[in-house]
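Colleague:
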Amino acid sequence: MAKAQAIILAGGQGSRLRPYTTVLPKPLLPIGEVPILEIIIRQLKSKGFKNIVISTGYLAGLIEAYFTDGKRWGVNIRYVREDKPLGTAGAVKLVKDVEDDCLVMNGDILTDLDFSSLLKAHRSKKAAATLTIKERVVKTDFGVVEMKTDGSLADYIEKPEHRSLVSTGIYILNKGCRDFIKTDERIGMPDLMLKMKTAGEKVHCFPTKAAWFDLGRLDDFESAQDIFLKNQKQFLKG
Numbered sequence: 000m001a002k003a004q005a006i007i008l009a010g011g012q013g014s015r016l017r018p019y020t021t022v023l024p025k026p027l028l029p030i031g032e033v034p035i036l037e038i039i040i041r042q043l044k045s046k047g048f049k050n051i052v053i054s055t056g057y058l059a060g061l062i063e064a065y066f067t068d069g070k071r072w073g074v075n076i077r078y079v080r081e082d083k084p085l086g087t088a089g090a091v092k093l094v095k096d097v098e099d100d101c102l103v104m105n106g107d108i109l110t111d112l113d114f115s116s117l118l119k120a121h122r123s124k125k126a127a128a129t130l131t132i133k134e135r136v137v138k139t140d141f142g143v144v145e146m147k148t149d150g151s152l153a154d155y156i157e158k159p160e161h162r163s164l165v166s167t168g169i170y171i172l173n174k175g176c177r178d179f180i181k182t183d184e185r186i187g188m189p190d191l192m193l194k195m196k197t198a199g200e201k202v203h204c205f206p207t208k209a210a211w212f213d214l215g216r217l218d219d220f221e222s223a224q225d226i227f228l229k230n231q232k233q234f235l236k237g
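Residues in the sequence shown are numbered consecutively from 0, following numbering that gives the first Met the number 0.
1. For a test of the three-state rule: what should DSSP assign to residue 221, helix, strand or coil?
2. Going by other Cβ atoms of all chains shown within 10 Å of its Cβ, with 16 needed for buried, is residue 180 buried or exposed?
3. Taking the alpha-carbon positions, what's the residue 34 to residue 53 distance?
4. With a Cβ-Cβ cutoff of 8 Å, do residue 47 and residue 186 count as a contact?
5. With a cut-off of 8 Å, do at least 3 Cβ pairs link the stretch 187–195 to the stretch 163–178?
6. Can you give, in chain order, each stretch of the beta strand (DSSP E) that sits fully within the stretch 114–184 and has at least 3 residues?
7. With 16 other CB atoms within 10 Å as the buried threshold, where does residue 143 fall?
8. Between the beta-carbon of residue 38 and the beta-carbon of residue 235, is there less than 8 Å?
9. By Cβ distance, which residues of its chain are closer than 7 Å to residue 30, with the 5 residues on each side in sequence left out?
10. Output the distance between the C-alpha atoms of residue 9 and residue 62, rounded to the nearest integer angstrom.
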């Protein structure tokens with residue numbers, strides 16, 4: 000069983016999911032009948048992550064009222080609140096007691112990633128930070144035309160697909176990461192990872208084939224509904 004702290008970033012406004020998020024913070028939107036954030040907390044608990052800090056901002060009171068101290072799920076939940084948006088990394092600075100090998104993740108993800116395997120890989124590489132990555136295929140819904148400088152046709156590709164390795168928004172960080180974040184600084188994880196890399200810190204990538212949906216995107220949010228209902232045991236095992 001993994002034994003590490005988890006920080007869940009749940010302060011965003013969820014503007015891409017409006018109008019749903021005008022009355023509910025994105026982490027409380029349901030997948031099936033279960034709020035996104037509850038699914039994450041149940042998964043973390045099953046892997047031994049029972050010390051959880053939730054960073055809140057937009058409609059923070061609703062999140063805090065729903066989860067309270069976490070005892071209902073057998074975990075200990077504390078909160079830090081962003082008075083202003085601090086980005087996906089800036090909120091980590093608000094947590095004063097960040098532990099080594101701390102899992103940090105966005106609060107709008109549906110995945111069946113094995114957090115224990117991620118933690119094990121991070122420790123085996125002796126990394127300062129590990130980011131989980133996954134291949135994502137993006138299909139262009141148009142015929143893409145390539146034109147020569149003289150205006151003649153170079154190529155015409157019907158609905159091409161582009162494959163990229165993308166960040167899943169799930170990380171393991173050592174507590175030294177806080178030294179790279181200024182107080183009240185708005186900074187995203189991409190900038191933090193590059194800042195640490197430039198400083199000579201070891202930043203490791205952990206590729207995964209696990210199911211993963213970015214629920215801040217409407218198409219992923221809609222796709223996840225059906226997949227979760229058909230595979231609840233896959234996402235809530237343990």
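Cβ coordinates follow ideal geometry from the N, Cα and C atoms, glycine included.
Modeller: Judging by the given coordinates:
1. helix
2. buried
3. 15 Å
4. No, these two residues do not count as a Cβ contact at 8 Å.
5. yes
6. 128–138, 142–146, 152–157, 160–172
7. exposed
8. yes
9. 38, 109, 223, 224, 227
10. About 9 Å.
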